[in-house]
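Comments concern the structure below.
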Amino acid sequence: MKRTPEPELMEEKEQVISYDEADFSEGEVKLINQINHYLLRKNISLGEKDLIVDLGCGPGNISEKLAIKWPNTEVVGIDGSKEMISRAEYNKNISTNKNKLKNLHYICSDIKHIKSNNFLLKKRISLLVSNSLIHHITNLEDFFNTIRSLSSNSTVNFHKDLKRPFDENSALELKAQCSSKYNEILTNDYYASLKASYTFKELKHFTLENDLSSLEVFEDGDKYLIVYGNV
Ligand SMILES: C[S@@+](CC[C@H](N)C(=O)[O-])C[C@H]1O[C@@H](n2cnc3c(N)ncnc32)[C@H](O)[C@@H]1O
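Each residue of the sequence shown is one higher than the last, beginning at 600 in the numbering used here.
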């Protein structure tokens with residue numbers, strides 16, 4: 600299936616509310632575990648000197664889980680949508696874990712324009728994460744240029760995203776499954792996201808052609824792709 604890009608930022612209020620109210624916790628916990636396993640395998644433990652950055656953090660679900668999992672680190676979530684960032688700040692404030700989120704801060708910025716000299720990014724980034732972001736980025740080189748510019752050679756990158764279905768029928772099947780759980784706005788967004796997603800081949804090809812072969816790309820089940828390693 601040919602890729603159909605979607606708008607990068609999620610700025611519509613209804614869209615943000617639908618996304619925020621959905622329960623994606625199973626996938627979020629799985630992602631935190633996958634990152635944790637990878638760090639353990641690499642013998643990396645994160646502490647006071649470490650900064651974790653969550654790109655395209657949306658309402659902050661993953662950022663909060665990162666901040667709780669690695670309580671001695673600093674965590675910064677970045678999103679270009681004002682609506683998403685105010686939701687993330689709101690969620691942090693009303694969280695029953697509020698006292699465990701003092702190490703978490705948010706920046707409202709397009710990832711393409713974020714500067715590593717932003718005062719919240721004064722430490723070198725130890726772990727650079729994103730979830731469900733890559734498919735929003737119109738040009739793959741914008742995503743990879745961003746992670747390259749934010750990473751040092753010791754930064755662990757871990758980026759998970761949807762995988763583009765093989766054909767329209769498979770996309771419609773996934774859309775139908777989504778509609779049995781989520782509202783119409785979220786279902787339509789999910790369908791648009793599936794069509795905007797990249798394939799394993801596209802991501803792998805990009806890394807090989809752009810001197811990024813130290814990054815691994817793999818298929819996580821039949822719906823997801825993960826890009827991880829150092830740049
Ligand atoms: C599908 S949501 C994922 C949110 C969160 N990572 C999660 O897993 O729940 C994608 C988010 O990426 C943000 N985004 C997309 N393109 C962006 C860009 N160029 N710069 C900053 N944020 C971006 C959108 O505004 C949206 O909040």
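The beta-carbon is built from N, C-alpha and C at its ideal position, and this holds for glycine as well. The structure displayed is predicted, hence computed values, not measured ones.
Pull up the DSSP beta-bridge partners for residue i, would you.
i: Tyr705; result: Gly676
i: Ser729; result: Leu654 and His758
i: Asp819; result: Tyr823
i: Tyr789; result: Its beta-bridge partners do not exist; DSSP assigns none.
i: Tyr797; result: Lys762
i: Ile724; result: Leu650
i: Leu814; result: Gly828
Measure the alpha-carbon distance for residue i versus residue j and round it to whole angstroms.
i: Ile684; j: Ser813; result: 32 angstroms
i: Gly820; j: Phe718; result: 38 angstroms
i: Thr754; j: Thr603; result: 31 angstroms
i: Val675; j: Val652; result: 5 angstroms
i: Thr786; j: Ala775; result: 8 angstroms
i: Phe742; j: Leu807; result: 15 angstroms
i: Leu608; j: Ile677; result: 12 angstroms
i: Asn671; j: Lys701; result: 10 angstroms
i: Cys707; j: Glu772; result: 35 angstroms
i: Arg686; j: Asn752; result: 33 angstroms
i: Gly659; j: Ser680; result: 12 angstroms
i: Gln633; j: Trp669; result: 14 angstroms
i: Phe739; j: Phe805; result: According to the sequence displayed, residue 739 carries Leu and not Phe. Spanning the two alpha carbons is a distance of roughly 8 angstroms.
i: Ile724; j: Tyr823; result: 25 angstroms
i: His704; j: Asn698; result: 13 angstroms
i: Gly655; j: Asn642; result: 27 angstroms
i: Tyr781; j: Glu605; result: 20 angstroms
i: Glu613; j: Ile784; result: 8 angstroms
i: Val615; j: Ala621; result: 10 angstroms
i: Lys803; j: Glu815; result: 8 angstroms
i: Glu611; j: Arg747; result: 30 angstroms
Please classify residue i as buried or exposed, where buried requires at least 16 neighbouring CB atoms within 10 angstroms.
i: Ile661; result: buried
i: Asp810; result: exposed
i: Glu663; result: buried
i: His712; result: exposed
i: Glu682; result: buried
i: Thr695; result: exposed
i: Leu720; result: buried
i: Leu639; result: exposed
Assuming residue i and residue j are in contact, meaning their beta carbons sit under 8 angstroms apart, how far apart are those beta carbons, in whole angstroms?
i: Ile631; j: Leu665; result: 7 angstroms
i: Asn767; j: Met600; result: Residue identity differs from the one stated: residue 767 is Glu in this sequence, not Asn. The pair is a contact, with the Cβ atoms about 6 angstroms apart (cut-off 8 angstroms).
i: Lys722; j: Glu673; result: 7 angstroms
i: Tyr618; j: Gly657; result: 6 angstroms
i: Tyr797; j: Arg763; result: 6 angstroms
i: Val830; j: Ser779; result: In fact, because the Cβ distance is near 39 angstroms, the residues do not count as touching under 8 angstroms.
Segment contact, 8 angstroms Cβ cut-off, at least three pairs: the segment 727 to 743 with the segment 791 to 808:
Yes: at least three Cβ pairs fall under 8 angstroms.
Touching or not, the segment 684 to 693 and the segment 620 to 637, by the rule of three or more beta carbon pairs under 8 angstroms?
Touching, no.
Taking contact to mean at least 3 C-beta pairs separated by less than 8 angstroms, is the segment 745 to 762 in contact with the segment 724 to 731?
With a cut-off of 8 angstroms on Cβ pairs, the segment 745 to 762 is in contact with the segment 724 to 731, counting three or more such pairs.
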